[in-house]
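What follows is a single structure, written as C-alpha cells, with notes after it.
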Amino acid sequence: CLRSTCKRKIRHNSSVPPLFGAKIVSTILSDPELRKKWEQELAETRTTLNRAHAAFAQALSKGGLDSKFSAPRFGLFTQLYLNEQQVLSLEKDHACYVAPGGRVNVSSLDEQAAASVANAVVQVLKST
1 CLRSTCKRKI
11 RHNSSVPPLF
21 GAKIVSTILS
31 DPELRKKWEQ
41 ELAETRTTLN
51 RAHAAFAQAL
61 SKGGLDSKFS
71 APRFGLFTQL
81 YLNEQQVLSL
91 EKDHACYVAP
101 GGRVNVSSLD
111 EQAAASVANA
121 VVQVLKST
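Reminder that position 29 of the sequence shown reads as 29 in full-length UniProt numbering, one-by-one numbering, no gaps.
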C-alpha cells in the first residue's frame, strides 16, 4: 500500500513538472525569510553576471574591438557578430565553443577565461 501510494505521488509530481516548480516558488515567495535569502542570491548572481559581461567587454576592448562589435549585454549571453567560418575557427584553432552566429555564454567566464576567449576572438578576426 505504501509503495503504491509513493508511486502515485511520484508519478503525479513528474507528470506535472510546472506544478512542482510553481509549488517551490510559492513556498519561497510566501515565506519572508526564504524570500529574503532568494533576493540576496539573485542580487549576487546579477552582480556576478554584470562583472562577467564587463570583464569580457574590457578584454575585447584591450584587443582593439569597440563596443559596436557585440550586441548589448543582458542576461547569460552576449552576441558577437561572427560569421560561420569565424565560429568554426574559434572552435578548431582555439577550443572556444560559441553558438552558431557568435552567441557566447558569459556566465561561464571568469576574468581569466574572458581574456582568453577575447584574445581568441581578436586572433580569428585578424586572420579572416
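No residue lacks a Cβ here, since even glycine has one placed at the ideal position from N, Cα and C. Treat the numbers as computed from the prediction; the structure is a model and nothing was measured.
- In the pairwise beta carbon analysis, the region 96 to 106 is classified as touching the region 72 to 87: at least three pairs are separated by under 8 angstroms.
- By the neighbour-count criterion, in which a residue is buried when 16 or more other Cβ atoms sit within 10 angstroms of its Cβ, His53 is buried.
- According to the DSSP assignment, Val98 belongs to no beta strand (DSSP E), since it is labelled neither H nor E.
- Counting along the chain, Thr78 sits inside the beta strand (DSSP E) bounded by residues Phe77 to Gln79.
- Between the beta-carbon of Glu111 and that of Ala55 there is about 5 angstroms, and that keeps the pair under the 8 angstroms contact cut.
- Boundaries for Phe74: no alpha helix (DSSP H) harbours it, and the DSSP string shows neither H nor E there.
- Looking from the CA of Gln58, the closest CA among Leu2, Leu109, Lys36 and Arg35 belongs to Leu109.
- Within the same chain, no Cβ atom closer than 6 angstroms to the Cβ of Gln40 is found once the five residues on either side in sequence are excluded.
- CA-CA distance, Leu29 to Thr128, rounds to 51 angstroms.
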